[in-house]
Amino acid sequence: MVFSGMQPSGDLHLGNLLGALRPWVLDQDRYRNYFCVVDLHALSGPHDPRELAEKTRQVAALYIAAGIDPGVSTLLVQSHVPQHTELAWLLSCVTPVGWLERMTQFKDKSRRRGAERISSGLLTYPVLMAADILLYRANFVPVGEDQRQHLELTRSVARRFNRLYGEVLVLPRPRIGRRGGGARVMALDDPESKMSKSAQGEAGRIGLLDPPERVRAKVMRAKTDSGRAVDLESAGAGVANLLDIYRALTGCSREQLARQFQGQGYGHLKAAVAEVTVATLLPLQARYRELLGDRGELDRVLAEGDRRAQQVAAANLSEIRAAVGLLRPPATS
Ligand code: TYM
């Protein structure tokens with residue numbers, strides 16, 4: 343069983359595709375999968391209420407455009423399955439505040455914005471994420487490198503819960519690609535930081551919906567170092583990032599990478615990265631536009647996924663409720 347998700351905040355970018363979406367698609371036929379649009383998580387930071395619903399649809403459409411088959415995998419919207427928030431409460435009651443305060447993403451964001459300006463939702467965010475995963479008894483969670491700590495927390499919470507209430511929760515394992523395989527795509531304009539939806543300015547990220555000219559312009563302006571020719575052994579962060587992107591997009595071996603780029607100028611590498619990126623994004627964008635052209639069909643697909651997810655979520659949650667000792671609610675007819 344596989345569970346993973348993305349927030350419908352900002353625009354999805356190449357990091358989201360290489361770190362998560364592509365690995366989801368590649369392993370799709372091997373497992374039972376739940377792929378979720380985590381709209382409740384998007385509320386933990388600033389968001390525009392006029393845009394959230396449409397962004398939620400757009401992320402679902404991007405999942406399908408990238409190759410998720412709703413006939414094979416269950417596609418759901420987090421807020422449509424109320425068991426996520428109920429389990430989050432049960433888990434928060436066994437999660438020490440200290441564990442949450444130690445989360446790097448929380449520390450970074452709270453340092454940047456100040457304690458008075460961040461929500462308590464940002465602190466408890468990883469508990470909701472743990473609930474997403476544990477609710478479905480997921481064995482594997484395919485994510486990018488930046489989610490590793492949240493997955494460790496999920497395991498710790500599950501372990502503690504099981505110690506208190508019996509073996510009801512399944513400990514999930516993260517599935518994170520190897521470094522250089524797209525698990526951590528760095529910002530083009532600042533290769534020491536990861537490519538992110540929330541970073542100021544667009545120059546650092548390639549949006550999945552960026553038109554070809556914009557992709558080319560961003561890649562050609564990507565920050566490299568003061569050298570001129572590619573050296574795989576001693577490449578600085580910027581060049582290494584471009585090589586990683588090329589390798590992740592083409593699936594080529596290190597030997598092929600060396601044959602094609604070793605000793606070549608940076609311009610040659612950038613042009614090649616731009617072209618494989620454009621070639622990957624064009625068909626995805628065409629499919630995306632098609633899907634958004636029929637919102638009724640998209641909503642129908644999501645409603646079917648929500649329904650399937652709710653069945654599993656309700657059955658699992660009722661066992662978890664019983665384990666903590668809640669009175670069983672009267673059966674409704
Ligand atoms: P989010 O929405 O920030 O990112 C979605 C996925 O994309 C990966 N990712 C990257 N991978 C490689 N390079 C990058 N630069 C990069 N940036 C993002 C992320 O690792 C993630 O896999 N907390 C999660 C959402 C979530 C979730 C869950 C994930 C909520 N509940 C349950 C898995 C299971 C998040 O904010 O991802």
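In my numbering, the protein residues as written are 343 to 675. Backbone N, C-alpha and C define an ideal beta-carbon position, used for all residues, glycine too. Quantities reported herein were computed from a predicted structural model and do not represent experimental measurements.
When you compare only the Cα positions, how much space is there between residue i and residue j?
i, j, result
"Asp488", "Gly361", "9 Å"
"Val527", "Ala407", "21 Å"
"Gly523", "Ala582", "11 Å"
"Leu611", "Gly543", "24 Å"
"Val666", "Leu432", "8 Å"
"Phe482", "Leu493", "10 Å"
"Arg556", "Gly549", "9 Å"
"Val499", "Pro625", "41 Å"
"Ala673", "Gln653", "16 Å"
"Arg631", "Ala403", "9 Å"
"Thr398", "Gly486", "20 Å"
"Leu669", "Tyr507", "15 Å"
"Val380", "Gln606", "43 Å"
"Asp371", "Asp532", "36 Å"
"Arg352", "Gly387", "Per the sequence presented here, residue 352 reads as Gly, with Arg not at that position. The alpha-carbon atoms of Gly352 and Gly387 are separated by roughly 11 Å."
"Leu629", "Leu551", "Per the sequence presented here, residue 629 reads as Arg, with Leu not at that position. If you take the alpha carbons of Arg629 and Leu551, they lie about 11 Å apart."
"Arg558", "Asn358", "19 Å"
"Asp450", "Glu597", "38 Å"
"Ala480", "Arg649", "18 Å"
"Glu678", "Arg637", "Here the chain covers residues 343 to 675 and nothing more, so residue 678 does not appear."
"Arg454", "Cys435", "28 Å"
"Leu623", "Tyr588", "13 Å"
Using only the heavy atoms of ligand 1, determine whether one of them is closer than 7 Å to the beta carbon of residue i.
i, result
"Asn358", "yes"
"Ser346", "yes"
"Met537", "yes"
"Ile410", "no"
"Asp531", "no"
"His422", "no"
"His492", "yes"
"Asp474", "yes"
"Asp586", "no"
"Ala525", "yes"
"Gly580", "no"
"His389", "no"
"Gln349", "yes"
On the criterion of 16 or more Cβ atoms from any shown chain inside 10 Å, does residue i qualify as buried, or is it exposed?
i, result
"Leu368", "exposed"
"Trp366", "buried"
"Lys536", "buried"
"Val439", "exposed"
"Pro516", "buried"
"Ser595", "exposed"
"Thr427", "exposed"
"Ser346", "buried"
"Ala613", "exposed"
"Asp474", "buried"
"Pro484", "buried"
"Gly456", "exposed"
"Pro671", "exposed"
One question on the structure: do residue i and residue j come within less than 8 Å of each other, judged by their Cβ atoms?
i, j, result
"Met562", "Tyr478", "no"
"Arg497", "Pro514", "yes"
"His355", "Lys560", "no"
"Leu495", "Asn504", "no"
"Gly647", "Leu417", "yes"
"Gln491", "Thr446", "yes"
"Val394", "Pro350", "Residue 394 is actually Leu in this sequence, not Val. Yes."
"Leu584", "Ala600", "no"
"Ala651", "Val423", "yes"
So residue i and residue j are supposed to be a Cβ contact under 8 Å. How far apart are they, rounded?
i, j, result
"Ser415", "Phe377", "6 Å"
"Val620", "Leu591", "The Cβ separation is near 10 Å, so there is no contact."
"Leu429", "Leu476", "7 Å"
"Arg643", "Pro412", "Reading off the sequence, residue 643 comes out as Val, not Arg. Confirmed, about 5 Å."
"Gln420", "Ala656", "15 Å between Cβ atoms; not a contact."
With a threshold of 8 Å between beta-carbons, can residue i be considered close to chain B, or not?
i, result
"Gly357", "Structure shown: chain B not included; a single protein chain is present."
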